[in-house]
Every structure is written in structure tokens, then in C-alpha cells.
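Visitor:
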């Protein structure tokens, strides 16, 4: 069963590029290259320079969004405002959600309605819509209804791409901002580049055209599929024979017979081709037809004169694509010539001992400091580390490399393995598991049907009995898993941890910073870690979990929750510990915290809903 927090699912794509650092306010003429950095005991946000990692703005905001046109939306005390590159609040916090600026305009939300403000915070379009997207210099695309607000955890759905959280059937109106006149209505839209054009389809029409902010068509609707502008071009496909089906339809894609590309002005830069185009990079297009894959150049020429079993585009500076021919990867250059695999000879890792792992024919070659191979084998392409002995695989069999690049056991002969830890590794031979030591000798003969490393011991099964052993085979008690336990109490790496106080035999919980200083007194029956400046605690008088800020004031704008653990996962529910949902959630969280204190044998569980 996989348990994933809702917060992670929705925000991961938007925040994956962020790096950590504590900042100080320093002005910079190019704040658009800054990135948000959040952390500390209160999980507050500031900004660092993406290129140099130098701190630019202190971590003091509950949420920090990317800079655009010199301003960034930040949340302070529950409301969004805008700061400049000197961290000055130039638009006072007043909004429930906010987006970046485009042509001097930004979309904001008040309550459950979206509108548009200028750089002074003045409303150019009153907050009356579900969405209000600035379009060009003087227009807006608006959708009637209620705005997508944050969920009970302050989840910022606005931080993902423009149209990520809406269905294909959402309909927009095109409004002229100065006059308020509706130029077009009932439009289905897809992002192209909101500063110039947008993909739009008229009512009842499944074909997309390129719409200008004044309501005119740069390209009349005729495309079955149309892509977002990327790398100065957008992929477009059209022409679908009635009743014709192929593999693209099985994957929910339009069954187009011709695809091409246009530039940001709507001009054709790649004439319609017979292939489906899946991507473009550095002068190469990746195309498919009937389960075969090929590469086109800028002019639409099929490189190599044919399609292949598979293909991949080069990186953004690469000059050679890769193709799969008869099970082998080779290169394909701009002239259409077959050349060596561009990955060949690429150094994947260099170890302190001088050992190098190098790419060779879609496999890995190990060479020594003298640049000569240390073994004759080319191992399967897999993640390699310099923590020796390191696991390698050859022809379906496993082995281990020593620090000198030689094999611990030659040739690789294990059916399966668990990597070395504490000088020992689990290995499978003839269907049974045993233990190998770091000299290559069997410390414990293969005899177990199952084996799993477990906190310095091994969970094994033999003759239908499950138990734990140490590396010598001596039966031991189930491990205490202290590291796993302690992780239940820790917050972010620099965010401190949850701490307890015993009062008349009852544990109460609070939070301490990384230095051990108490920042939230242990007086709550349970507590979460801080996130975006808020922490969740149960209120018995309300029979609900509510968010409080770092001053322990309840955040009125954030809805309270009946059962926090059960509400904080997807595709699963927290183990039931009481018939009352509120009490069940409190008991579940207390069980997790008590497990962290080594007061409980096992942690509470999540139960799959499938």
C-alpha cells in the first residue's frame, strides 16, 4: 500500500526545484532568477539566488511564490501580498490566494472569487469569478463560478500551472478590461502563451485555434490537439479519419494523422508531417508511427531514412540523438548518419580510490586510476555508488565490486541480494537466502525461504516460521528500529522536533527548535510539525483539529478538521482507534508519537481503501 500526503501530491511539481538556505535581505536587479527556500522550525520562506545559492531575502513568510516582473506574492499572517526584491511589502497582504504578474496584471482571490489587480493592488477586474487570467495587455479570460481555494491545509492550488486543476469542459469568457465588454464566450482554452495568444475552441467545436487578446483569430480553429509553447514552438496535430484507431487512441490522445509546429507568432515552422510528434529539443523532433519511433530534423527530414524500435532526443546542448537498433543503442547525428552512442565513454561516477564507472553501450564499464578496465564484464546500467562493496548485475546474476574495482566473488553468481550493511549482505543461492561477509565468504549458509534486512538484523522465514536473526544466524528479538522511531518526532532537517511533557501520567506535546529550545509549550494531546507557518493541534472543546500560528493563535481563515490523520492521506485511511472520528484521529497521532518515544512496539497503520 502506498500512502501519499495530499500536500505532497499537489505541490511536489511546483516546489521540486527549491533549494535550502537561510537568507538576509539583499537587493538584486534580477529577482526572477531567485527561488523560494522554506525551512526552520516554523517552515517559513525566503529567497536565494538560483545560480549562486546566495541568500537574498530572509525566511519570514508563510508562503513565497516565484518573482515575476520584479514582484513576488507572499503569505503573511494568513493573507497574500506582494514584495519587491528588497523584501518591502509593496501591496499589503489582503488576498486569500495570489498569482504572479503578467503585463502588469495579476490574478488574486478574495474569499471564493477571483479578480485582477495592477501593480499598486488596485482591482482592474472585480473579484467575481472562478478564474480571472490576465491575457495580453488589456484583456482577461474569466470563468464563472467559485474560485479554487486552498484546502484545509492551506494547499496552494494556484502554485501549479495555469490550467492544471480544471477539466476539459471548463468554459471561459474573453473580456476587454478597459470597457468590460465580453468579446467571446463559451470558450474551451489551453495554454499557449497568455502574454500573446491562447489556444481556444468555440462552443461545440473540438478544434483549437490561436486566439488574440482582442478576440480575433491569429489561426482559425483547425487543430485536433495543440501544445503549450515550449522552446519557441508549439506542436500541433490535425486530421483524424473517421473510424480509424491506433495506439495513440488507447492512451487518450487524439488520433491525428499529421503534426507540425508553429512559432510564438503562429507562423508555421514545421510543415505537417505524417507522424505524431511527441517532443522537440535542440533541433530534433521525436515522432512515432505504428509503434515505431523516429527523429526529424528542423526541416522535417526523417533522419536515418526510417523509424526504429525506440529513440530519445539529445539533451539541450547535444548534437546526437539515440536510437535502438536490434537491441543496441547507437547514435544518430544531424546528417542522418549512424554514429557511436553519444553516451559511450561518459563518466557516471568517480570514486576516491580512483575507480570510475563509465557508460559503454548502454552498460557500465569499471576502470581503474590507470584508465584500464578492472574486470572484463560490462554490467547492467544501474545506479552506482562508491560505498563498497557495491552491488552490480551481469547477465541476470548479482555480484559485488570491491574498492579496487575487482569482484568480491567472480563471476557474479547470486540470484538476488541485499546490499552490504555493517559488513554483511543477504544473498540468494539456488532459491535460498544466506549471508555473505565483506571478504566474500558465506557467514551463514543459504537456508532461508525469505530474508529482509531490518535495523541491523534480518527478518527471515524458514519452514513456514518467521523470526529475526543476526549476521551469525543467532535468533534475536524483533529490532527496536530506533532510527525509524526517532524520525516520527523529527520535523524538517532544520525544523526541530516534537517534544513531550508528562503531567500526572498523561503525555502532552509541543515543539522544540533544532537547538532544543521550546517554541510551542507541551500542552496539547497531539501535534503536527509546522508547515507554511502553521501547526495542527486537537481542540477537545471543538472536537476538531485546528491550525494555529507560531504565536499559538488559531487561524480563523483555515477550516478545522474532524480527523487530521485520516484527512492527510490519499488512497488510504488511518487505522481506526475509536468509534468517534475525532478521538480516533487523536489516538492515532498519539500512538505515532509514543512509538517515536519507544513507548509502543509498532507504529499506527494506514489502511488501503482499495
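Numbering (the numbering used here), first residue to last: 645 to 1254. C-beta atoms are modelled at their ideal positions from N, C-alpha and C, and glycine is treated no differently.
Among 963, 1247 and 723, which one has its Cα closest to the Cα of residue 1130?
Guide: 1247
Visitor: Hey, would you say residue 744 sits closer than 8 Å to residue 776, going by beta carbons?
Guide: no
Visitor: Mapping DSSP to helix, strand and coil, what is residue 731?
Guide: coil
Visitor: When DSSP builds the beta bridges, which residues end up paired with residue 922?
Guide: DSSP output for residue 922 lists no bridge partner at all.
Visitor: Residue 1187 to residue 1128, Cα distance in whole Å?
Guide: 30 Å
Visitor: Does DSSP put residue 960 in a helix, in a strand, or in coil?
Guide: coil
Visitor: Straight-line CA distance for residue 1020 to residue 1107?
Guide: 40 Å
Visitor: Along the chain, where does the beta strand (DSSP E) that runs through residue 1021 open and close?
Guide: Taken as a continuous stretch (DSSP letters only), residue 1021 belongs to no beta strand (DSSP E), as it is neither H nor E.
Visitor: Give the DSSP-derived three-state secondary structure of residue 599 in the structure shown.
Guide: Because the chain in this structure spans residues 645 to 1254, residue 599 falls outside the shown range and cannot be described.
Visitor: Does the Cβ-Cβ distance between residue 947 and residue 976 come in under 8 Å?
Guide: yes
Visitor: Short of 7 Å in beta carbon distance, which residues of its chain neighbour residue 932, apart from the five on each side in sequence? Order them along the chain.
Guide: 919, 920 and 922
Visitor: Is it a yes or a no for the region 857–873 touching the region 824–841, going by three-plus beta-carbon pairs under 8 Å?
Guide: Counting C-beta pairs closer than 8 Å gives three or more between the region 857–873 and the region 824–841, which meets the contact rule.
Visitor: Would you kindly report the start and end of the unbroken beta strand (DSSP E) that includes residue 866?
Guide: 861–867
Visitor: What does residue 1081 pair with, by DSSP beta-bridge criteria?
Guide: 1068
Visitor: Go ahead and label residue 1002 buried or exposed: buried means 16 or more other beta carbons lie within 10 angstroms of its beta carbon, across all protein chains shown.
Guide: buried
Visitor: Exposed or buried, what is residue 1251 when buried is set at 16 or more other beta-carbons lying within 10 Å of its beta-carbon?
Guide: It counts as exposed.
Visitor: Alpha carbons only, please: which of 678, 907, 700 and 687 is nearest the one belonging to residue 1158?
Guide: With respect to the C-alpha of residue 1158, the residue from 678, 907, 700 and 687 having the closest C-alpha is 687.
Visitor: Suppose the cutoff is 6 Å on Cβ atoms and the five residues either side in sequence are ignored; what does the same chain contact list for residue 1249 look like?
Guide: 1219
Visitor: What span of residues does the beta strand (DSSP E) with residue 855 cover, start to end?
Guide: For residue 855, the enclosing beta strand (DSSP E) has its first and last residue at 852–855.
Visitor: Just to confirm the assignment, what range does the alpha helix (DSSP H) spanning residue 839 have?
Guide: Looking at the DSSP string, residue 839 is not in any alpha helix (DSSP H), and its letter there is neither H nor E.
Visitor: Would you mind reading off the limits of the beta strand (DSSP E) that contains residue 1002?
Guide: 1000–1004
Visitor: Whole angstroms are fine: how far does the CA of residue 1105 sit from the CA of residue 1113?
Guide: 10 Å
Visitor: Taking the alpha helix (DSSP H) that residue 1177 belongs to, which residues open and close that run?
Guide: Residue 1177 -> no alpha helix (DSSP H), and no H or E assigned at all.
Visitor: By Cβ distance, which residues of its chain are closer than 8 Å to residue 851, with the 5 residues on each side in sequence left out?
Guide: 845, 865, 866, 867, 868 and 882
Visitor: Apart from the five residues on each side of it in sequence, which residues of its chain come closer than 8 Å, Cβ to Cβ, to residue 1091?
Guide: Cβ neighbours of residue 1091 within its own chain (closer than 8 Å, five residues either side excluded): 1076, 1077, 1078 and 1106.
Visitor: One question on the structure: do residue 1170 and residue 1213 come within less than 8 Å of each other, judged by their Cβ atoms?
Guide: no
Visitor: Would you mind working out which of 791, 1162 and 966 sits nearest residue 938, comparing C-alpha positions?
Guide: Ranking 791, 1162 and 966 by CA distance to the CA of residue 938 puts 966 first.
Visitor: How close, in whole Å, do the beta carbons of residue 711 and residue 737 come, if the pair is a contact with beta carbons under 8 Å?
Guide: Rounded, the Cβ-Cβ distance is 17 Å, inconsistent with contact.
Visitor: According to DSSP, simplified to helix, strand and coil, what is residue 900?
Guide: With a pLDDT of 47 at residue 900, under the threshold of 50, the modelled position of this residue cannot be trusted; read the value that follows with caution. Coil at residue 900, not helix or strand.
Visitor: Taking residue 1185 as the reference, give the member of 1004, 1227, 689 and 957 with the closest Cα.
Guide: 1227
Visitor: Using 8 Å as the limit for Cβ to Cβ distance, is residue 877 near chain C?
Guide: Although the question refers to chain C, the structure presented lacks it and comprises just one protein chain.
Visitor: Just to confirm, is the Cβ distance from residue 778 to residue 751 under 8 Å?
Guide: yes
Visitor: Looking only at its chain, what residues have a beta carbon closer than 7 Å to the beta carbon of residue 877, apart from the 5 residues adjacent to it on each side?
Guide: A distance below 7 Å between beta-carbons, with the five flanking residues on each side excluded, links residue 877 to the following residues of its chain, in chain order: 905, 906, 907, 913 and 924.
Visitor: Tell me the rounded alpha-carbon separation between residue 1012 and residue 990.
Guide: About 15 Å.
Visitor: Considering only the alpha carbon of each residue, which of 1059, 1121, 1209 and 1083 lies closest to residue 1074?
Guide: Among 1059, 1121, 1209 and 1083, the Cα nearest to that of residue 1074 is on 1059.
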